[in-house]
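Reviewing the structure listed below.
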Ligand code: HEM
Ligand code: SF4
Ligand code: FES
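This is the structure we're talking about:
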């Protein structure tokens with residue numbers, strides 16, 4: 565059978581695409597922290613990114629491919645998985661033998677994440693266009709757009725909840741991708757699991773601090 | 055502590071009854087009376103069956119053989135857990151002292167499309183045999199017995215191979231997995247031979263063929279939840295699945311056909 569059609573091959577594609585997005589999300593969060601310095605720092609950071617066309621388009625293509633691969637494989641594998649047991653148990657595994665919540669619900673937070681990504685791109689990338697000029701350079705004023713959006717309570721709250729969802733997805737996903745790609749070692753795997761949890765927590769807290777900050781301060 | 059005890063307990067069993075693979079099946083409530091806490095779970099079922107037979111009713115069908123945790127024939131999902139609540143214990147080695155008197159005990163078969171129910175709690179696990187037939191062996195020339203220590207094996211590898219060889223092929227991993235995945239079993243078998251020098255000549259084909267056979271048998275895929283490892287009566291670890299994942303990727307890349 566073809567590697568790309570096999571159970572393991574498809575899961576490894578999920579792992580690689582997931583890791584690519586995981587790396588991006590961390591960088592995206594760190595860069596956005598510039599908003600805490602102020603509107604000029606944030607807008608200039610954004611401007612620097614969109615001015616570097618090879619970097620911008622390269623990243624966009626890779627991320628789009630990763631997202632598509634991840635989504636298609638996620639739906640495909642999950643459908644197969646659900647169908648591998650027609651007759652359901654009356655009771656789930658429990659006690660010492662129950663698996664962790666995040667690992668069992670990946671498809672649900674995953675689909676929520678897809679909805680979020682579309683919503684997020686519509687709001688910011690393809691959203692209202694304001695301009696601002698610093699030192700004679702005109703650029704997009706994303707900070708004003710952000711203030712406009714995050715001052716709506718439902719908008720800010722929605723972001724906070726969805727960022728927690730990202731955290732849950734990543735807390736399992738990060739370490740899980742190592743396992744899928746064949747890396748498991750008694751000395752390193754416990755550390756990867758801790759790192760996975762920490763990374764997910766930092767990414768989620770970093771992102772969700774932004775709507776809260778804007779809502780409270782601006 | 056063992057020993058003789060006069061204590062007797064009563065339980066309410068909710069047992070899955072199913073007349074063959076195409077029947078839809080249902081739960082039946084059956085009383086288990088006068089059970090000693092020192093009886094094993096299967097001895098409890100034996101006693102219940104004896105009473106059912108004596109009162110002209112049909113006994114509960116379940117699988118068992120060695121009753122000492124080595125053959126992999128016993129199964130059952132007990133209160134939601136394959137092989138019952140305790141870790142690293144097979145159903146045949148589980149005792150009634152693990153259940154409070156008066157408790158309702160739900161007993162279901164190992165459920166997976168690839169393990170069709172034969173009757174009641176007995177399932178057909180020949181899908182595992184097909185995986186083994188696809189590569190779970192080594193081919194050797196017979197003849198004079200070679201000296202036992204003529205092939206050196208590193209201690210760590212010998213230990214790892216031995217640990218994977220303790221997989222009894224019970225299918226508890228499939229039963230526990232939300233996806234009915236057989237990866238823990240398959241990876242234990244691939245690792246067992248792949249970690250030893252004798253397994254090297256056929257290693258690449260073994261990995262490819264056993265994974266293909268596993269996929270073709272209709273088991274689900276792995277989501278890395280770890281439910282299999284927690285359910286496995288022999289403590290087979292997820293490390294084996296990771297090994298299978300990387301060996302499969304390597305073999306797919308290197309394969310010349
Ligand atoms: C399009 C929306 C998404 C869907 C539908 C989705 C769905 C899933 C599913 C179902 C799994 C588990 C696969 C399995 O266990 O068989 C998974 C794993 C994973 N996801 Fe997502 N996800 C989405 C978006 C994301 C995003 C945005 C990221 C990163 C920021 C991400 C990172 C990961 C990682 C790292 C894994 C672990 C892969 C592995 O176990 O090898 N996912 N996802
Ligand atoms: S891996 Fe464990 S649970 Fe699975 S068949 Fe082997 S012994 Fe049974
Ligand atoms: S009956 Fe042999 S392992 Fe349980």
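Chains as they are written, first to last, in the numbering used here: chain Z, 565 to 782; chain Y, 55 to 311. Think of the CB as a built atom: it goes at the ideal place given N, C-alpha and C, for glycine as much as any other residue. No experiment lies behind these values; they were computed from the predicted model shown.
- Contact check between the region 113-127 of chain Y and the region 195-202 of chain Y: fewer than three CB pairs, one atom from each, fall below 8 Å, which does not count as touching.
- For residue 691(Z), the secondary structure class from DSSP, reduced to helix, strand or coil, is coil.
- Of the heavy atoms belonging to ligand 3, at least one sits nearer than 8 Å to the Cβ of residue 147(Y).
- Each of 607(Z), 759(Z) and 755(Z) was checked against the Cα of residue 688(Z), and the nearest Cα belongs to 607(Z).
- For residue 81(Y), the enclosing beta strand (DSSP E) covers residues 80-89.
- The distance from the Cβ of residue 218(Y) to that of residue 290(Y) is about 7 Å, consistent with a contact at the 8 Å cut-off.
- Residues of the region 660-671 of chain Z with a C-beta less than 8 Å from any C-beta of chain Y: 660, 661, 662, 663, 664, 667, 668 and 670, listed in chain order.
- In terms of side-chain proximity, the C-beta atom of residue 684(Z) is found no nearer than 8 Å to any non-hydrogen atom of ligand 1.
- With contact defined as three or more Cβ pairs closer than 8 Å, the region 701-716 of chain Z and the region 254-265 of chain Y are not in contact.
- The Cβ of residue 302(Y) sits closer than 9 Å to at least one Cβ of chain Z.
- The beta carbons of residue 60(Y) and residue 188(Y) sit about 53 Å from each other, so the pair does not count as a contact at 8 Å.
- Considering only beta carbons, the part of the region 273-286 of chain Y lying closer than 8 Å to chain Z consists of 273, 274, 275, 276, 277, 278, 279, 280, 281, 284 and 285, in chain order.
- For residue 197(Y), no CB of chain Z lies under 9 Å from its own CB, so it is not counted at the interface with that chain.
- Shortest gap from the CB of residue 623(Z) to any heavy atom of ligand 3: 8 Å or more.
- Shortest Cα-Cα distance from residue 284(Y) to any of 92(Y), 135(Y), 166(Y) and 160(Y) involves 135(Y).
- Here residue 693(Z) is exposed, its C-beta having fewer than 16 other C-beta atoms within 10 Å.
- At a cut-off of 8 Å, the beta-carbon of residue 216(Y) does not count as near ligand 2: no heavy atom of the ligand is closer than that.
- Annotation: the continuous beta strand (DSSP E) that includes residue 65(Y) extends over 63-71.
- Residue 210(Y) and residue 249(Y) have their alpha carbons spaced roughly 10 Å apart.
- Taking a contact to require three or more Cβ pairs closer than 8 Å, the region 230-240 of chain Y and the region 639-655 of chain Z qualify as touching.
- Residue 578(Z) is positioned such that its CB atom lies closer than 9 Å to that of residue 744(Z).
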